[in-house]
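**Student:** Just passing along the structure, written as structure tokens.
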Amino acid sequence: MRLADKVCVITGASSGIGRAVAEAFAAEGARLLLVARPPDHADLEATVQGLPQAVGFASDLSDPGAATEIIDKALEHFARIDVLINNAGFADVALATEFSVERWDRVFNVNLRAMFLLAQSFARHVIARGGGGSIVNTGSINGIRPEPMLAAYNVSKAGVMALSQSLALEFGQYGIRVNTVLPGMVYTRQTAPLLDDPSFAGPYLTGIPLRRFADPKDIAPAYVFLASEDARYLTGSSVVVDGGLSIGISWPEQINEYPDFT
Numbered sequence: 070m071r072l073a074d075k076v077c078v079i080t081g082a083s084s085g086i087g088r089a090v091a092e093a094f095a096a097e098g099a100r101l102l103l104v105a106r107p108p109d110h111a112d113l114e115a116t117v118q119g120l121p122q123a124v125g126f127a128s129d130l131s132d133p134g135a136a137t138e139i140i141d142k143a144l145e146h147f148a149r150i151d152v153l154i155n156n157a158g159f160a161d162v163a164l165a166t167e168f169s170v171e172r173w174d175r176v177f178n179v180n181l182r183a184m185f186l187l188a189q190s191f192a193r194h195v196i197a198r199g200g201g202g203s204i205v206n207t208g209s210i211n212g213i214r215p216e217p218m219l220a221a222y223n224v225s226k227a228g229v230m231a232l233s234q235s236l237a238l239e240f241g242q243y244g245i246r247v248n249t250v251l252p253g254m255v256y257t258r259q260t261a262p263l264l265d266d267p268s269f270a271g272p273y274l275t276g277i278p279l280r281r282f283a284d285p286k287d288i289a290p291a292y293v294f295l296a297s298e299d300a301r302y303l304t305g306s307s308v309v310v311d312g313g314l315s316i317g318i319s320w321p322e323q324i325n326e327y328p329d330f331t
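So for the sequence shown, this note's numbering puts the first residue at 70; every next one is plus one.
In structure tokens:
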């Protein structure tokens with residue numbers, strides 16, 4: 070097993086990608102501290118109960134003190150930490166002209182500031198014990214391919230890639246690798262109402278060469294790879310898992326009606 074006895078902290082672990090990553094890590098033998106917001110505590114407990122060697126911890130990542138609490142909790146239970154999966158994040162939908170400072174800050178506090186603070190606390194522990202570890206940050210293809218009405222989310226996810234590269238430059242000398250996963254559109258409980266709407270899904274799917282939305286389990290293997298020794302010489306990289314959405318335009322079938330287009 071690729072993560073046997075590795076202690077891994079996973080944020081945003083109650084559902085979606087985070088839960089799929091937790092399940093994949095457990096299957097690879099990892100010991101887990103799974104973190105979710107207090108309102109998601111019931112879902113978190115359900116996740117924990119289904120996994121061996123997993124402990125749940127409710128924490129509000131918009132609180133700057135949460136990062137230290139999370140790392141301390143992992144050390145309390147497992148005495149060490151080997152892998153940090155910075156997965157927690159959210160999108161706030163609004164026109165840029167209507168975005169308040171408070172809403173902007175809330176997105177950045179969770180999507181970027183908390184990620185940095187957790188990576189900082191993790192690195193301090195790893196360096197003190199002699200080095201060696203892996204951080205995987207959840208970005209999004211929105212960081213390289215923005216969508217309208219998601220300005221704060223788009224910018225925060227672009228920042229995740231820059232953060233990962235910055236930390237990779239600084240932490241590499243200590244044997245800490247830092248990489249990013251960039252998922253495309255993933256079918257989760259949060260996105261289901263939108264993706265179940267044919268008026269949205271139909272046009273969107275024409276832009277995905279594989280013609281389907283991702284299941285969280287499609288994304289999880291990238292995290293297993295990056296956290297494991299299989300990726301031992303990989304740092305500062307971004308792994309795109311989007312069904313081809315970001316590689317270019319997928320023409321609608323109606324283009325066949327215009328044979329002289331070129």
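Think of the CB as a built atom: it goes at the ideal place given N, C-alpha and C, for glycine as much as any other residue. The structure presented is a predicted model; accordingly, all values stated were derived computationally and were not measured.
Under the rule that 16 or more other beta-carbon atoms within 10 Å means buried, what is VAL170, buried or exposed?
**Tutor:** Flag for VAL170 reads exposed.
**Student:** Out of THR207, GLU138, ALA300 and ASP299, which has the shortest C-alpha to C-alpha gap to HIS194?
**Tutor:** If we check each option's Cα against that of HIS194, GLU138 comes out closest.
**Student:** What is the DSSP secondary structure of LEU153, counted as helix, strand or coil?
**Tutor:** Looking at LEU153 - three-state DSSP - the assignment turns out to be strand.
**Student:** Among ILE210, LEU238, PRO217 and ARG100, whose alpha-carbon lies nearest the alpha-carbon of GLY312?
**Tutor:** The residue with the shortest Cα to Cα distance from GLY312 is ILE210.
**Student:** Check the C-beta distance from GLY202 over to MET230 and give it rounded, since I have them as a contact under 8 Å.
**Tutor:** Their Cβ separation, rounded to whole angstroms, is 20 Å, which puts GLY202 and MET230 out of contact at 8 Å.
**Student:** Would VAL179 pass as a contact of TYR292 if the rule is Cβ separation under 8 Å?
**Tutor:** No, they are not a contact pair.
**Student:** With DSSP collapsed to three states, give me the class of ARG280.
**Tutor:** ARG280: coil per DSSP, three-state reduction.
**Student:** Which whole-angstrom value describes the C-beta separation of THR207 and ILE86, a residue pair presumed to lie in contact below a C-beta threshold of 8 Å?
**Tutor:** With a Cβ gap of about 7 Å, THR207 and ILE86 count as contacting.
**Student:** Taking ALA143 as the reference, which of THR257, VAL76 and VAL162 has the closest Cα?
**Tutor:** Ranking THR257, VAL76 and VAL162 by Cα distance to ALA143 puts VAL76 first.
**Student:** Taking DSSP as the reference, what is the three-state secondary structure of ARG175?
**Tutor:** Of the three classes helix, strand and coil, the one that applies to ARG175 here is helix, per DSSP.
**Student:** Whole angstroms is fine: what's the gap from ILE182's alpha carbon to VAL250's?
**Tutor:** Contrary to the premise, residue 182 reads as Arg rather than Ile in this sequence. ARG182 and VAL250: Cα-Cα distance of roughly 18 Å.
**Student:** In whole angstroms, what is the alpha-carbon distance linking SER315 and ALA115?
**Tutor:** Rounded to the nearest angstrom, the two C-alpha atoms are 34 Å apart.
**Student:** Tell me the rounded alpha-carbon separation between GLU97 and ALA165.
**Tutor:** Spanning the two alpha carbons is a distance of roughly 43 Å.
**Student:** Would you tell me roughly how many angstroms separate the C-alpha atoms of PRO69 and ASP141, rounded to the nearest one?
**Tutor:** Residue 69 lies beyond the stretch modelled for the chain, which goes from 70 to 331, so this question has no answer here.
**Student:** Using the C-alpha atoms, what's the distance from ASP265 back to ILE154?
**Tutor:** Cα to Cα, the separation comes out at about 29 Å.
**Student:** Using a threshold of 8 Å, state whether the C-beta atoms of ALA283 and TYR256 are closer than that.
**Tutor:** Against a cut-off of 8 Å, the Cβ pair of TYR256 and ALA283 comes out as a contact.
**Student:** Drop a sphere of 10 angstroms on the beta-carbon of GLU92, count the other beta-carbons inside from all chains shown, and report buried for 16 or more, exposed for fewer.
**Tutor:** Buried, because 16 or more other Cβ atoms sit within 10 Å of the Cβ of GLU92.
**Student:** Can you list, in chain order, the residues of its chain whose CB lies under 6 Å from that of ASN223, leaving out five sequence neighbours each side?
**Tutor:** Excluding sequence neighbours, ASN223 sits near ASN211 and PRO215.
**Student:** So what's ILE79 in DSSP terms, helix, strand or just coil?
**Tutor:** Residue state, collapsed to three classes: strand.
**Student:** With respect to 7 Å, is the separation between the Cβ of ASP265 and the closest non-hydrogen atom of the ligand MN below this value?
**Tutor:** As far as ligands go, the structure on display features none, and thus does not contain the ligand MN.
**Student:** For ALA332, which option in VAL104, ALA111 and ALA148 has the closest C-alpha, if you only look at C-alpha atoms?
**Tutor:** Here the chain has residues from 70 to 331 only, and residue 332 is not among them.
**Student:** I'd like to know whether the C-beta atoms of SER225 and VAL162 end up nearer to each other than 8 Å.
**Tutor:** No, the Cβ-Cβ distance between SER225 and VAL162 is not below 8 Å.
**Student:** ARG246: which of GLY305, MET254 and ALA261 sits nearest, CA to CA?
**Tutor:** Of GLY305, MET254 and ALA261, the residue nearest in Cα terms is GLY305.
**Student:** Runs of 3 residues minimum, wholly inside the stretch 186-236: which ones carry the beta strand (DSSP E) assignment?
**Tutor:** Segments of the beta strand (DSSP E) lying fully in the stretch 186-236: 202-207.
**Student:** Quick one: grab the DSSP three-state call for LEU164.
**Tutor:** LEU164: coil per DSSP, three-state reduction.
**Student:** Can you have a look at ASP132 and say buried or exposed, based on whether 16 or more other CB atoms are within 10 angstroms of its CB?
**Tutor:** ASP132 is exposed by the Cβ-count criterion.
**Student:** Can the beta-carbon of ASP129 be found less than 8 Å from the beta-carbon of ALA135?
**Tutor:** Cβ distance < 8 Å, so ASP129 and ALA135 count as in contact.
**Student:** If I follow the unbroken alpha helix (DSSP H) through THR116, where does it start and stop?
**Tutor:** Run containing THR116: 110-118, per the alpha helix (DSSP H) assignment.
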